[in-house]
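Here's the structure, in structure tokens; my notes come after.
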Ligand SMILES: *Cc1c(COP(=O)(O)O)cnc(C)c1O
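Residue numbers (the numbering used here): 18 to 498.
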């Protein structure tokens, strides 16, 4: 059974993989049907004991039967993203083609940051990046087979949107301060950022050596959306503080609310003032695939960089994120490095992505997105956006109709914010009680300084009935208090 030279138990692998595939199919089917708690929060020590982790680590010796039983217990203590009551976070309910890509990647392990470690994987990554660039309205990467970029756009897939934001802002820094890589960061750089920006932007500012004090907040309306009329004033504040603008960040859409900043007006301002415009489209860039919703991102093609997570609304498993650039030359200046075991003299044939990433070993992330596209097509993925947006709008209407509940705005993405009553602490108490019950998994967010409950409508299984039951459950909580 076990190959003498490789130690690979081929038949065992095939048997376990097909048993596991059947178990996971059942897990998805049961979850989508609403079986079991959506989330099961227990003390970590109890879970470790149930899984018998200590013994397996110490003794080894897991058989296929024990593996299946372990998988059963593992599933029972996991969060069911396919469940209709999974409404908390933006992590994709992955489509099965991307899961199969994970299996291929796991077995083949082509760490493809250098071409020789995965030529097919590089070809796939470049193809999906070109597809994404085209959706934004940017030119594909126009380079030769030697990886030297001539003109056009550019991009790379990263292990997550946070790293993608860091990469985009690093490129912006290289543009504003070309000597920063060698000489360190000048003290006068500033970034214009909406208060609703994802925390990874603030982190990037600190990691890049600007410091969080370099972030000048943009004025927003009551929904935390950037007010374009107040942009000149923010720039004046930044320059009055002795700084020069390195970048302006806009949301498409904002994490907390799912609302889109007015990119077109912001792009006009940035063009006039000569400011690098970065669009954080981690969640909402997928609206570009919807013929009737892509208007929300009007003006995005005039930005300098954009982030787009496939592991949110393009339904790949985590992680698969893209950082994209309008102008390849701006990206080429971003990273510089020396590593004698990897680089020497002139590049040979092929495209080494390693010059474009923070990571050294890099997963073939493009395969996950490629298989989703190859299976559903860009139309199918656009229809998923439309379908979950339509559901979110119906849910907001159902919630607003129920006495005691209110919604602060009409959803522009599959994110619904609402309140039960008006007390901020009550919203958190509701979330905590529902989470502990395992019946509904919601999140919460602050908008304009007030606390709201927040639904992210990811699972195709979530319907109007789910929301009716959720509101009943919230009302029942109040009665028991
Ligand atoms: C989710 C999100 C991020 C972070 O992406 P990760 O892939 O979780 O690192 C950044 N920006 C926005 C707007 C997001 O919604």
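Glycine included, each C-beta is placed from N, C-alpha and C at the ideal position.
Through-space distance from residue j to residue i, alpha-carbon basis
| i | j | result |
| --- | --- | --- |
| residue 282 | residue 316 | 8 angstroms |
| residue 474 | residue 107 | 8 angstroms |
| residue 351 | residue 191 | 6 angstroms |
| residue 218 | residue 182 | 7 angstroms |
| residue 210 | residue 54 | 39 angstroms |
| residue 208 | residue 262 | 6 angstroms |
| residue 69 | residue 85 | 14 angstroms |
| residue 153 | residue 300 | 14 angstroms |
| residue 413 | residue 258 | 42 angstroms |
| residue 487 | residue 421 | 14 angstroms |
| residue 293 | residue 314 | 17 angstroms |
| residue 180 | residue 496 | 45 angstroms |
| residue 175 | residue 383 | 10 angstroms |
| residue 184 | residue 21 | 45 angstroms |
| residue 392 | residue 121 | 16 angstroms |
| residue 104 | residue 25 | 41 angstroms |
| residue 36 | residue 30 | 10 angstroms |
| residue 137 | residue 245 | 44 angstroms |
| residue 311 | residue 305 | 4 angstroms |
| residue 123 | residue 116 | 11 angstroms |
| residue 193 | residue 469 | 38 angstroms |
| residue 280 | residue 457 | 35 angstroms |
| residue 225 | residue 397 | 38 angstroms |
C-beta atoms of residue i and residue j nearer than 8 angstroms
| i | j | result |
| --- | --- | --- |
| residue 275 | residue 127 | no |
| residue 290 | residue 252 | yes |
| residue 450 | residue 494 | yes |
| residue 15 | residue 267 | The structure shown does not extend to residue 15, since the chain spans only 18 to 498, so no value can be given for it. |
| residue 328 | residue 335 | yes |
| residue 88 | residue 478 | no |
| residue 178 | residue 307 | no |
| residue 260 | residue 297 | no |
| residue 295 | residue 189 | yes |
| residue 248 | residue 227 | no |
| residue 172 | residue 341 | yes |
| residue 141 | residue 435 | no |
| residue 155 | residue 343 | yes |
| residue 461 | residue 444 | yes |
| residue 119 | residue 389 | no |
| residue 439 | residue 102 | no |
| residue 406 | residue 425 | no |
| residue 41 | residue 476 | no |
Supposed close pair residue i, residue j - CB separation, criterion 8 angstroms
| i | j | result |
| --- | --- | --- |
| residue 345 | residue 139 | With a Cβ gap of about 16 angstroms, residue 345 and residue 139 do not count as contacting. |
| residue 368 | residue 132 | 6 angstroms |
| residue 240 | residue 464 | 7 angstroms |
| residue 481 | residue 411 | 6 angstroms |
| residue 303 | residue 402 | 5 angstroms |
| residue 74 | residue 453 | That belief does not hold up - the Cβ atoms of residue 74 and residue 453 are roughly 30 angstroms apart, past 8 angstroms. |
| residue 130 | residue 378 | 6 angstroms |
Segments assigned alpha helix (DSSP H), at least 4 residues, entirely inside the stretch 74-101: As far as the stretch 74-101 is concerned, its whole alpha helix (DSSP H) runs of at least 4 residues are 81-93.
In chain order, each alpha helix (DSSP H) run of at least 4 residues that lies wholly inside the stretch 124-155: If we require 4 residues or more, the alpha helix (DSSP H) runs fully inside the stretch 124-155 come out as 136-153.
In chain order, each beta strand (DSSP E) run of at least 3 residues that lies wholly inside the stretch 175-211: Taken in chain order, the whole beta strand (DSSP E) runs of length 3 or more contained in the stretch 175-211 are 206-210.
Runs of beta strand (DSSP E) wholly within the stretch 444-470 (minimum 3 residues, chain order): List check, beta strand (DSSP E) in window: 458-464.
Length at least 4, wholly inside the stretch 247-325: the alpha helix (DSSP H) runs in chain order: With a minimum length of 4 residues, the continuous alpha helix (DSSP H) runs that stay inside the stretch 247-325 are 248-257 and 280-290.
Minimum length 4: unbroken alpha helix (DSSP H) runs contained in the stretch 26-76: Positions of the alpha helix (DSSP H) runs, each at least 4 residues long and wholly inside the stretch 26-76, are given as 27-49, 61-67 and 70-76 in order along the chain.
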